[in-house]
Amino acid sequence: MDVYARLEELGLKLPPPPPPGGLYKPVKQVRDILYVSGQGATEGGVPIVVGKVGAQRTVEEGQQAARICVMNALSVLDHYLGDLNQIKCLVKLQGFVASAEGFNMQPKVIDGASRLLADIWGEEDGVGARTAISAIELPGEITVEIEFIFQLKQEL
Amino acid sequence: MDVYARLEELGLKLPPPPPPGGLYKPVKQVRDILYVSGQGATEGGVPIVVGKVGAQRTVEEGQQAARICVMNALSVLDHYLGDLNQIKCLVKLQGFVASAEGFNMQPKVIDGASRLLADIWGEEDGVGARTAISAIELPGEITVEIEFIFQLKQEL
Amino acid sequence: MDVYARLEELGLKLPPPPPPGGLYKPVKQVRDILYVSGQGATEGGVPIVVGKVGAQRTVEEGQQAARICVMNALSVLDHYLGDLNQIKCLVKLQGFVASAEGFNMQPKVIDGASRLLADIWGEEDGVGARTAISAIELPGEITVEIEFIFQLKQEL
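Chains as they are written, first to last, in our numbering: chain G, 512 to 667; chain U, 512 to 667; chain Y, 512 to 667.
Printed below as a string of structure tokens:
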């Protein structure tokens, strides 16, 4: 399976890597483990899905925001690795959903991200451990922020 | 020390593993490290301790919710490993407490989980690094959600 | 580079390690990886920067709180390792900012921590992956709480 061919099949195009929103590395590697910094629903660093699910945003819009987080993560990984085919699997993701008081379907929102990763890498390697929680506010008012841990096929 | 004998001594019975609340793996292993997805105060996937500490729930009820999160974690680990005695120690846990405005004793709530793990594996192996924070809302309105990292005695 | 000489150059003095605020280890080691428990803006365990950014606290006060979290992390690491020079690099940090409704500059606040780590270990080793999010409340009403993962130069 070639990740780039799979992305094309899915009609997806990697965005340019988002400019860092502060003093951090988009990707930090320890041996074969890649820690990906929190990615948001941004384009070129500009928030494109903003507002809280349960108020300004629907669950479906939240899922779309979660998909954008994944695409930004893939973009910074592609930029870092040079070749996304070096990735073996998702280890874990932690998704934060900007939530209005009384909104309790964070897992449903983060499923947008998980579905996309499963569509790319399959149900075995594309699905990892997960925590889905809320946040009262997120940077730049984005609707979803997700951090990821991936594992490489072999240490570079 | 046999974990199952210890659970019995403590009067505890493993619940059946909770059905996944979305597209994720309850446990993801990387070598001898086990990442356990966020576990909630649920039974058979149904929330059983709900509401915010500082409003609908007391600290004691929050602690009880935290203990249920641990029991669910043990259940998914038992299901994954087949034998909880393969676990060497807790590495880290991160606990989210659904908190009313002005409630600031998240560590006291998460101590419910930490106490139980220490009672099972002892103060050395049952106690790890920890972060205890709040959340404005949690999935299904649960009172506490906890994710865990454990280490195996040896890589399987 | 000697970390202690660098701290002195920066005019910084390690505080005593904060007393644990619950049942957890300040530092948990797995091979060459150090997991540091969530550190707050406390002195001797007593909250010293409290309140929400966007309401009672400014961004600058939040950054100062983030720096105190780093100093407390260095203190527990110094206590655990006996020598901070054994640390190779920051792997990742996750920062929680107690945020008033409508405050969306969490990364700017957490930059206070990242800047200090970069000042000590440099832009390569002092900067890692990062997630900056909000919390509706934090333990003891602290303004910022940060957890860290560091890597040692070699396994002890």
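Backbone N, C-alpha and C fix where the C-beta goes; we use that ideal spot for every residue, glycine too.
Beta strand (DSSP E) containing residue i: first to last residue?
i	result
G:Tyr-546	544-551
U:Glu-634	Counting along the chain, U:Glu-634 falls outside any beta strand (DSSP E), though it belongs to the alpha helix (DSSP H) covering 617-636.
Y:Leu-518	First-last for Y:Leu-518: 514-520, but that is the alpha helix (DSSP H), not the beta strand (DSSP E).
Y:Glu-655	A small fix is needed here, since residue 655 of chain Y is Val in this sequence, not Glu. 655-663 is the extent of the beta strand (DSSP E) around Y:Val-655.
Y:Lys-539	538-541
U:Ala-609	598-609
Y:Ile-647	Premise fails: Y:Ile-647 is in no beta strand (DSSP E) and is neither H nor E.
For the putative contact between residue i and residue j, defined by C-beta atoms under 8 Å, what is the C-beta separation to the nearest angstrom?
i	j	result
G:Ile-660	G:Leu-545	7 Å
U:Cys-600	U:Gln-662	5 Å
Y:Thr-654	Y:Val-581	In fact, because the Cβ distance is near 14 Å, the residues do not count as touching under 8 Å.
U:Ala-647	U:Gln-605	Inspection of the sequence shows that residue 647 of chain U is occupied by Ile rather than by Ala. Incorrect: roughly 16 Å between the Cβ atoms, too far for contact.
G:Gly-639	G:Ala-577	Contact flag wrong, Cβ pair sits at about 15 Å.
Y:Glu-649	Y:Gly-551	The sequence as given places Leu at residue 649 of chain Y; Glu does not occur at that position. With a Cβ gap of about 7 Å, Y:Leu-649 and Y:Gly-551 count as contacting.
U:Leu-534	G:Ser-645	With a Cβ gap of about 18 Å, U:Leu-534 and G:Ser-645 do not count as contacting.
U:Ile-621	U:Val-608	7 Å
Y:Gly-549	U:Ala-643	7 Å
Y:Pro-526	Y:Tyr-591	Not really, about 15 Å apart at Cβ, beyond 8 Å.
U:Val-602	Y:Lys-539	6 Å
Y:Gly-562	Y:Glu-652	7 Å
Y:Asp-513	Y:Asn-596	6 Å
Along the chain, where does the alpha helix (DSSP H) containing residue i start, and where does it finish?
i	result
G:Arg-568	Premise fails: G:Arg-568 is in no alpha helix (DSSP H) and is neither H nor E.
Buried or exposed for residue i, please, with buried defined as at least 16 other CB atoms from any protein chain shown within 10 angstroms of its CB.
i	result
G:Pro-528	buried
U:Pro-733	Here chain U has residues from 512 to 667 only, and residue 733 of chain U is not among them.
G:Tyr-515	exposed
Y:Gly-633	exposed
Y:Lys-524	exposed
U:Glu-572	buried
U:Met-616	buried
Y:Val-557	exposed
U:Leu-628	buried
Y:Thr-569	exposed
Y:Gly-532	buried
U:Leu-521	exposed
Is residue i near the ligand SAM - that is, is its Cβ less than 7 Å away from at least one heavy atom of it?
i	result
Y:Val-608	Judged by which ligands are present, the structure shown has none, so any question about the ligand SAM falls away.
Going along the segment 623-656 of chain Y in order, which residues come within less than 8 Å of chain G, judged by CB to CB distance? Ser-625, Arg-626, Ala-629, Val-638, Gly-639, Ala-640, Arg-641, Thr-642, Ala-643, Ile-644, Ser-645, Ala-646, Ile-647
Taking only beta carbons into account, state which residues of the segment 547-561 of chain Y come closer than 8 Å to chain U, listed in chain order. Val-547, Ser-548, Gly-549
By the 8 Å beta-carbon criterion, what residues does the segment 529-542 of chain G contribute toward chain Y? Going along the segment 529-542 of chain G in chain order, one finds Gly-532, Gly-533, Leu-534, Tyr-535, Lys-536, Pro-537, Val-538, Lys-539, Val-541 with a Cβ nearer than 8 Å to chain Y.
For the segment 606-622 of chain Y, which residues have a CB atom closer than 8 Å to at least one CB atom of chain U, in sequence order? Here the close residues are Phe-607.
What are the residues of the segment 572-593 of chain G that lie near chain Y, defined by any Cβ-Cβ distance shorter than 9 Å? Listed by position, the residues of the segment 572-593 of chain G near chain Y (Cβ gap below 9 Å) amount to none.
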